[in-house]
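In our numbering, the protein residues as written are 288 to 508.
The C-beta atom is built at its ideal place from N, Cα and C for all residues, glycine as well.
Here is the structure we will look at, set down as structure tokens.
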């Protein structure tokens, strides 16, 4: 659901077909990279943490009161992996997903949801120093935290990208999460991970996205 104001502006042509709600100190940086990859025009709305994100007008867009969120052609999409996956499907000419009939398509879906599920959980556990034991690990989505990281390392020692030779949206979200959490020392330095992140973030779209978000940070100091 979108606000009447946004709907009216779209109908009158005062806005791009996409409006991106973000904050440069959030997971919105991942979606920004994806938007730069697809190369479509978008408007942005930088949200401040606290009252603005919890305001009635924004809760009408994302009831969680969190960023990022995307409004595209009157449709609201939230959650990082969902937004990125949605954009890959809406703009297939960007080549960010394997062909539907290809064997790599299954791996693509696997790794997208691996980031949103096991990896997100494992990193949250590690960041908060929660105690996981072999006994309670069986009931936690990621199991043992190190097992989750080992699975990622294993695939990246075999091939340059998660789906083989092709960079996809799955790599965009995976590299974003690994790079950020390595920077915070939540993930210990690992040459396989660092080479992978460097390979992914060397893309021109990643550089443009980083420059845009960094400029927002500078302007708001």
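Expressed to the nearest angstrom, what Euclidean distance is found between the alpha-carbon atoms of residue i and residue j?
i, j, result
"residue 363", "residue 348", "7 Å"
"residue 391", "residue 502", "37 Å"
"residue 338", "residue 355", "16 Å"
"residue 314", "residue 403", "12 Å"
"residue 429", "residue 440", "15 Å"
"residue 361", "residue 478", "43 Å"
"residue 492", "residue 324", "5 Å"
"residue 468", "residue 388", "34 Å"
"residue 480", "residue 472", "13 Å"
"residue 500", "residue 507", "11 Å"
"residue 412", "residue 445", "27 Å"
"residue 372", "residue 449", "15 Å"
"residue 329", "residue 370", "14 Å"
"residue 289", "residue 350", "Here the model assigns residue 289 a pLDDT of 47, short of 50, so the residue's position is not dependable and the matter cannot be decided."
"residue 438", "residue 431", "11 Å"
"residue 300", "residue 359", "Only weak support exists for where residue 300 lies, its pLDDT of 44 falling under 50; the coordinates are left without a value."
"residue 443", "residue 463", "15 Å"
Buried or exposed for residue i, going by 16 or more other Cβ atoms inside 10 Å?
i, result
"residue 374", "buried"
"residue 422", "exposed"
"residue 397", "exposed"
"residue 336", "exposed"
"residue 341", "exposed"
"residue 461", "buried"
"residue 334", "buried"
Would you mind giving the Cβ-Cβ distance between residue i and residue j, rounded to the nearest angstrom? I have them listed as a contact below 8 Å.
i, j, result
"residue 309", "residue 331", "6 Å"
"residue 368", "residue 399", "5 Å"
"residue 343", "residue 504", "Not really, about 28 Å apart at Cβ, beyond 8 Å."
"residue 327", "residue 378", "6 Å"
"residue 307", "residue 346", "In fact, because the Cβ distance is near 17 Å, the residues do not count as touching under 8 Å."
"residue 435", "residue 393", "About 19 Å separates the two Cβ atoms, so there is no contact after all."
In this structure, what does DSSP give as the bridge partners for residue i?
i, result
"residue 330", "306"
"residue 359", "305, 362"
"residue 451", "448"
Next item on the list: Would you be able to state if there are at least three C-beta pairs under 8 Å between the region 375 to 391 and the region 451 to 461?
Entry: yes
Check: For the region 476 to 490 against the region 408 to 417, are there 3 or more C-beta pairs whose distance is under 8 Å?
Finding: no
Next item on the list: Please confirm if the region 491 to 499 is in contact with the region 304 to 322, defined as three or more CB-CB distances below 8 Å between the two stretches.
Entry: yes
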